[in-house]
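Peer 1:
Number of protein chains: 2
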Amino acid sequence: MRRHSIAFEAAQGLGLVQRADAPRMTEAAAPLLQAIEILDQHGERRFIEIPAERPLTVFVDKRELVTLMTLGAAPEHLALGYLRNQRLVSDIGELAAVQVDWDTGSVAITSRSLANRGVTVWDDAERGDALAGRLGRRTVTTGCGQGTVFGDLMDEIERIALPAGARLSEEVLYTVMDRVRRHESIYKVAGAVHGCALCSNAGDSRGEILRFVEDVGRHNAVDAIAGWMWLESIGGADKIFYTTGRLTSEMVIKCAQMGIPFLLSRSGLTQMGYEIARRVGITMVGRCQGRHYLLFTGGERFVRQPVTALA
Amino acid sequence: MRRHSIAFEAAQGLGLVQRADAPRMTEAAAPLLQAIEILDQHGERRFIEIPAERPLTVFVDKRELVTLMTLGAAPEHLALGYLRNQRLVSDIGELAAVQVDWDTGSVAITSRSLANRGVTVWDDAERGDALAGRLGRRTVTTGCGQGTVFGDLMDEIERIALPAGARLSEEVLYTVMDRVRRHESIYKVAGAVHGCALCSNAGDSRGEILRFVEDVGRHNAVDAIAGWMWLESIGGADKIFYTTGRLTSEMVIKCAQMGIPFLLSRSGLTQMGYEIARRVGITMVGRCQGRHYLLFTGGERFVRQPVTALA
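Here it is as structure tokens:
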């Protein structure tokens, strides 16, 4: 079905060149929808489509890290983005392979240090490298309100400098909202997923969707986009991030980690999302629906007149 | 403000008696709302209220377990429910104290085995008891699509037997929907939170809300209700669980863990939520809004005529 490939659309016009040291990767897209029979309030049988949800256990060099519950649209990018956003791996060149196997519900990530050593079993003490140290520290890590590396991330957030000159015009904001609304999606068919879009804020492509990912967890969708950006060496400075999810602390932190100065949402925000956005200087616009929006933070970057007046 | 105490309303008519060996607990409610100034799409300044969000790091016998991002309405119950739903502690009698300190953003849970021993520092090997073993195993644990103890929980799910004779009438379903809709809530004021309600399905109180908790994470709200049920020795067999959140795998697993046969939601469901509900025999009704609903699973327990016809 065509809509199954939504998450895999090639980003048009980006002129992507795969880096020579990119990890070997599977492309293990899985079916994203299932039809089930239900009864409605009139007692009538109906078929509805619902989104898939499947466990994906992340192994790094054979060490079990976390189990993510995912739609399964972009499992390789999700695993990469998870590693990246949890700051477990800083350079994608450290990774030799990312291999998803749905039969076992796992993704095996192999580091070059392990691949080079040719060993298959070791303990962290014996290994003694930086990655092992970071893995050891992350026993209290993971996303979405239950488990965070909050302290470490806040330290990092303080060092992020978003581009001072970046501007978002109201016209581009409306373009993004229109494009997201018209975008083919699992949500329209089946609900029960969150979507994220990475959009351009540069040149003639301003407002265009470069990448659109949906997942059953709103953090997974963000992580999958972050993983793709990491893999393709795409910077965030001239981008806009849109999410259907709420602007909680972790959503704002992840946007800052990606270096994106503009964060839009169909939903509202929390106090910590607000405070972090102010501290890091993100321009955050919420409750985006139709021709309505609320400008929460970073008004100095937001221009209410058309973007053409700025060019 | 009155609405700040929503989560602390006494459960009316339950005749709760605190057990003699209940842990000592703080009652560290925190402010749940903040007013911020924003600009709307007309460029006009407005004040809106947004929900609080604060980190709460859970320590069990001085061992750091996880950091939960929470609204802060019911931190003690949240911590208890987290321990319970992650199956880290099976008997609440094992716990001597649950003490929240917002200055440090932490909740210290002390087990009786530690309290009795009078020690303050140890390592797991030295300690060597069952709790230490369970804590050691949970490095890949936590909720909301990123991190689960999925394998262990599925084993447990297979052993859960929900009451075969339990019935939910359409009339009681509508009563629950009406009461939840009319319930005072942070969501109505500020959005950006998920709510859960534990409702009665017994006697004259059928459809009444016994407990209502909101949180920035939908799993935290469920865990806070589970913690309260655990503390007060309240069984799930004659209850109904309502959530504003989606019916993903973990939501259904938690409902099953609480022994509740009926799970209602304003939202939709995922494939794994559907499959687990079918396997464990939960009656699941979603898309509950106005006079609309979809009966997803467990139709044999659902009665479309008024409950009076059953009595």
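In order, the protein sequence lines correspond to chains D and B.
With the working numbering applied, the first sequence corresponds to residues 89 to 399, in that order.
With the working numbering applied, the second sequence corresponds to residues 89 to 399, in that order.
Here a beta-carbon is modelled for each residue, glycine too, at the ideal position from N, C-alpha and C.
Pull up the distance between the alpha-carbon of H380 (chain B) and that of H130 (chain D), whole angstroms please.
Peer 2: The straight-line gap from Cα to Cα measures roughly 9 Å.
Peer 1: For the alpha helix (DSSP H) that I197 (chain D) lies in, which residues bound it at each end?
Peer 2: Per DSSP, I197 (chain D) belongs to no alpha helix (DSSP H); it is in the beta strand (DSSP E), 194-199.
Peer 1: Is it buried or exposed, G181 (chain D), if we count other Cβ atoms within 10 angstroms and call 16 or more buried?
Peer 2: When all chains shown are included, G181 (chain D) counts as exposed.
Peer 1: Between Y381 (chain B) and chain D, is any beta-carbon pair separated by less than 8 Å?
Peer 2: Closer than 8 Å to some Cβ of chain D, the Cβ of Y381 (chain B) qualifies, so yes.
Peer 1: Shorter than 8 Å from the beta carbon of M360 (chain D) to some beta carbon of chain B?
Peer 2: Taking Cβ atoms only, chain B reaches closer than 8 Å to M360 (chain D), which makes this a yes.
Peer 1: Give the single residue among D:P349, D:N308, D:M265, D:G356 whose Cα lies nearest to the Cα of G412 (chain D).
Peer 2: Given a span of 89 to 399 for chain D in the structure shown, any question on residue 412 (chain D) remains unanswerable.
Peer 1: Nearest CA to the CA of I322 (chain D): which residue from D:S288, D:V304, D:V301, D:E246?
Peer 2: If we check each option's Cα against that of I322 (chain D), D:S288 comes out closest.
Peer 1: When DSSP labels each residue in this structure, what does G374 (chain B) get in the three-state scheme?
Peer 2: If DSSP states are grouped into helix, strand and coil, G374 (chain B) belongs with the strands.
Peer 1: Measuring alpha carbon to alpha carbon, tell me which residue in D:S355, D:L250, D:R133, D:W190 is nearest A344 (chain D).
Peer 2: That would be D:L250, whose Cα lies nearest to the Cα of A344 (chain D).
Peer 1: Residues in its own chain within less than 7 Å of L202 (chain B) by CB, not counting five upstream and five downstream?
Peer 2: Excluding sequence neighbours, L202 (chain B) sits near D149.
Peer 1: Whose CA, out of D:A196, D:G305, D:T192, D:G283, lies closest to the CA of A297 (chain D)?
Peer 2: Going by the sequence as given, residue 297 (chain D) is Ile instead of Ala. Per the Cα distances, D:G283.
Peer 1: For K342 (chain B), which residues from the same chain have a beta carbon less than 7 Å from its beta carbon, with the 5 sequence-adjacent residues on both sides left out?
Peer 2: If we look at K342 (chain B) and ignore the five residues flanking it on each side, its Cβ neighbours are N173, V310, A314.
Peer 1: Please tell me whether M339 (chain B) has its Cβ less than 8 Å away from any Cβ of chain D.
Peer 2: No, M339 (chain B) does not count as interfacial toward chain D.
Peer 1: Am I right that V391 (chain B) and R255 (chain B) are in contact with their C-beta atoms under 8 Å? What's the rounded C-beta distance?
Peer 2: Going by Cβ atoms, the distance from V391 (chain B) to R255 (chain B) rounds to 5 Å, so yes, they are a contact pair.
Peer 1: Do you know how far the Cα of Q187 (chain D) is from the Cα of E320 (chain D)?
Peer 2: One C-alpha to the other measures close to 17 Å.
Peer 1: Please list, in chain order, the chain B residues whose beta carbon lies closer than 9 Å to that of P139 (chain D).
Peer 2: By Cβ distance, chain B contributes G356, L357, T358, Q359.
Peer 1: Tell me the DSSP secondary structure of L176 (chain D) in three-state form.
Peer 2: In this structure, L176 (chain D) counts as coil in the three-state DSSP scheme.
Peer 1: With a threshold of 7 Å on Cβ separation, who are the neighbours of R225 (chain D) within its own chain once the five nearest residues in sequence on each side are excluded?
Peer 2: Legend: pLDDT at R225 (chain D) = 45, less than 50; position of this residue unreliable, no value from coordinates given.
Peer 1: Within the present structure, is the beta-carbon of R392 (chain B) separated from the nearest heavy atom of the ligand SAH by less than 7 Å?
Peer 2: Ligands in the displayed structure: none, and consequently the ligand SAH is not present.
Peer 1: Could you confirm whether any beta carbon from chain D is found closer than 8 Å to the beta carbon of G350 (chain B)?
Peer 2: One detail in the question is off: residue 350 (chain B) reads as Phe in this sequence, not Gly. So no, F350 (chain B) is outside the interface.
Peer 1: Please list, in chain order, all residues of the same chain as Q393 (chain B) whose beta carbon is under 6 Å from its beta carbon, the five residues on each side excluded.
Peer 2: Nothing meets the Cβ criterion.
Peer 1: Contact between the segment 116-130 of chain D and the segment 148-167 of chain D: three or more CB pairs below 8 Å?
Peer 2: Contact between the segment 116-130 of chain D and the segment 148-167 of chain D is present, because at least three Cβ pairs lie under 8 Å.
Peer 1: Verify whether the separation of the beta carbon atoms of P139 (chain D) and I274 (chain D) is less than 8 Å.
Peer 2: Cβ atoms of P139 (chain D) and I274 (chain D): closer than 8 Å.
Peer 1: When you compare each of B:S355, B:A290, B:R306, B:V195 to A325 (chain B) by their alpha carbons, which one comes out closest?
Peer 2: Minimum Cα distance to A325 (chain B) is reached at B:A290.
Peer 1: Using 8 Å as the Cβ pair cut-off and three pairs as the minimum, do the segment 358-366 of chain D and the segment 258-273 of chain D touch?
Peer 2: Because the criterion of three Cβ pairs below 8 Å is not met, the segment 358-366 of chain D and the segment 258-273 of chain D do not touch.
Peer 1: Sort D:T371, D:E272, D:R375 by Cα distance to A252 (chain D) and report the nearest one.
Peer 2: The candidate whose alpha carbon is nearest that of A252 (chain D) is D:T371.
Peer 1: What does the Cβ neighbour count give for T358 (chain D), buried or exposed, with the cut at 16 atoms within 10 Å?
Peer 2: T358 (chain D) should be labelled buried.
Peer 1: Taking the DSSP output, what are the residues bridged to Q408 (chain D)?
Peer 2: Examination of residue 408 (chain D) is not possible in this model, given that chain D is present from 89 through 399 alone.
Peer 1: Measuring only between beta-carbons, confirm whether A280 (chain B) sits less than 8 Å from chain D.
Peer 2: True, the Cβ-Cβ gap to chain D drops below 8 Å.
Peer 1: Listed in chain order, which residues of the segment 119-133 of chain B have Cβ atoms closer than 8 Å to some Cβ of chain D?
Peer 2: Listed by position, the residues of the segment 119-133 of chain B near chain D (Cβ gap below 8 Å) are Q122, I124, I126, L127, D128, Q129, G131.
Peer 1: How would you call A285 (chain D), buried or exposed, if buried means at least 16 neighbouring beta carbons within 10 angstroms?
Peer 2: Burial call: buried.
Peer 1: Taking 8 Å as the threshold (C-beta atoms), are R375 (chain D) and L382 (chain D) in contact?
Peer 2: Yes, Cβ-Cβ distance for L382 (chain D) and R375 (chain D) is below 8 Å.
Peer 1: So which of D:I328, D:S199, D:E338, D:G295 has the shortest CA-CA distance to A184 (chain D)?
Peer 2: If we check each option's Cα against that of A184 (chain D), D:S199 comes out closest.
Peer 1: Do we get a CB-CB distance below 8 Å when we pair F135 (chain D) with the residues of chain B?
Peer 2: Output row for F135 (chain D): interface = no.
Peer 1: Contact defined as beta carbons within less than 8 Å: I believe A278 (chain D) pairs with E125 (chain D). What is the distance between those atoms, to the nearest angstrom?
Peer 2: Not quite, the Cβ-Cβ distance comes to about 14 Å (not below 8 Å), so this is no contact.
Peer 1: What does D85 (chain D) pair with, by DSSP beta-bridge criteria?
Peer 2: Residue 85 (chain D) lies beyond the residue range present for chain D, which begins at 89 and ends at 399; the question has no answer from this structure.
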